[in-house]
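Position 177 of the sequence shown, counting from 1, maps to 196 under my numbering, and the rest follow consecutively.
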Amino acid sequence: MSISIENFVKAIYLQEQRQGEDTRPGTLAKVLDISNAATTDMARSLAQKNLVNYTKYQKLSLTPQGKELALSILRKHRLWEAFLSKTLNLTLHEIHEEAERLEHATSNFLADKIDEYLNYPAADPHGDPIPCSSGKEQLNKNAIVLSEAEVGKVYNIVRLFSSNRHFFDFCAANNITIGTTVQIENSFEEMKMIEVSIDKKQLLLNEEFTNIIYVETKE
20 MSISIENFVK AIYLQEQRQG EDTRPGTLAK VLDISNAATT DMARSLAQKN
70 LVNYTKYQKL SLTPQGKELA LSILRKHRLW EAFLSKTLNL TLHEIHEEAE
120 RLEHATSNFL ADKIDEYLNY PAADPHGDPI PCSSGKEQLN KNAIVLSEAE
170 VGKVYNIVRL FSSNRHFFDF CAANNITIGT TVQIENSFEE MKMIEVSIDK
220 KQLLLNEEFT NIIYVETKE
């Protein structure tokens with residue numbers, strides 16, 4: 020498979036997982052930084068390859084074969100992120116950028132060896148679940164997006180579902196990382212913002228952030 024095909028099916032899968040996002044060709048064009056026409060052409064082509072379900076003016080979805088390919092690429096990507104974080108101590112954005120390049124040149128054999136070397140991690144450093152070799156992704160069913168958290172409750176951050184450098188820079192500057200404790204202080208529904216407390220520091224976060232930070236109730 021070409022890199023463009025692998026990136027396309029991966030983008031559809033990730034968009035389906037994100038809160039409040041869709042998989043219409045226009046949205047995917049922005050995600051992949053290509054034209055609307057190129058997105059539609061690719062969707063039609065992959066429909067012929069039985070990787071994508073395509074109907075004009077409708078959301079795109081993956082066929083079982085397309086989902087299998089997407090999870091295979093994500094497995095390699097997230098294993099590389101875990102490996103690079105452990106061995107080279109790179110930042111969250113740096114490991115993502117390098118994994119984007121390495122995922123396409125990685126055989127299933129090498130992916131399995133990396134998995135074994137790392138002692139079969141369940142998630143990468145962003146908290147994203149690493150699909151197993153059989154192609155299944157074990158999602159944390161107890162996790163919710165921060166935008167759905169209840170005022171007054173305390174949570175642990177378990178996933179930072181993004182690839183945006185500015186998001187990771189903000190997280191690093193404010194100690195927002197996997198395992199960080201966050202308390203919900205207030206909710207401003209009309210503004211789609213919440214006030215949180217992290218390390219005794221008050222932060223006001225908008226929906227763009229709170230829909231990609233996953234938390235679970237602190238025991």
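Glycine included, C-beta positions come from ideal geometry on N, C-alpha and C.
Computed from a prediction, not measured in an experiment: that's the story for all the values here.
Residue nearest to residue 123 within the set 171, 29 and 179 is 29 (criterion: CA-CA distance). Taking the Cα positions, residue 34 is about 15 Å away from residue 232. Your pair residue 176 and residue 195 checks out as a contact, with CB atoms roughly 7 Å apart and the cut at 8 Å. Segment contact: the segment 127 to 137 against the segment 97 to 104, three or more CB-CB distances shorter than 8 Å; contact assigned.
Note that the C-beta distance between residue 234 and residue 217 is not below 8 Å. Considering only 72, 188, 120 and 86, the residue with the shortest C-alpha distance to residue 155 is 86.
With at least 16 other beta carbons inside 10 angstroms of its own, residue 146 counts as buried.
Sequence-distant partners of residue 118 (beyond 5 residues in either direction) whose C-beta falls short of 6 Å from its own C-beta, in its chain, are 96, 99 and 100. Contiguous beta strand (DSSP E) elements confined to the segment 150 to 189 occur at 173 to 179, taking only those with 3 or more residues.
The DSSP-derived three-state label of residue 44 is helix. Annotation: residue 197 to residue 237 spans about 13 Å, alpha carbon to alpha carbon. Minimum Cα-Cα distance from residue 55 among the listed residues 36, 67 and 75 corresponds to 75. Beta-bridge pairing by DSSP links residue 235 to 175. Bridge pairing for residue 214: 205 and 223 [DSSP].
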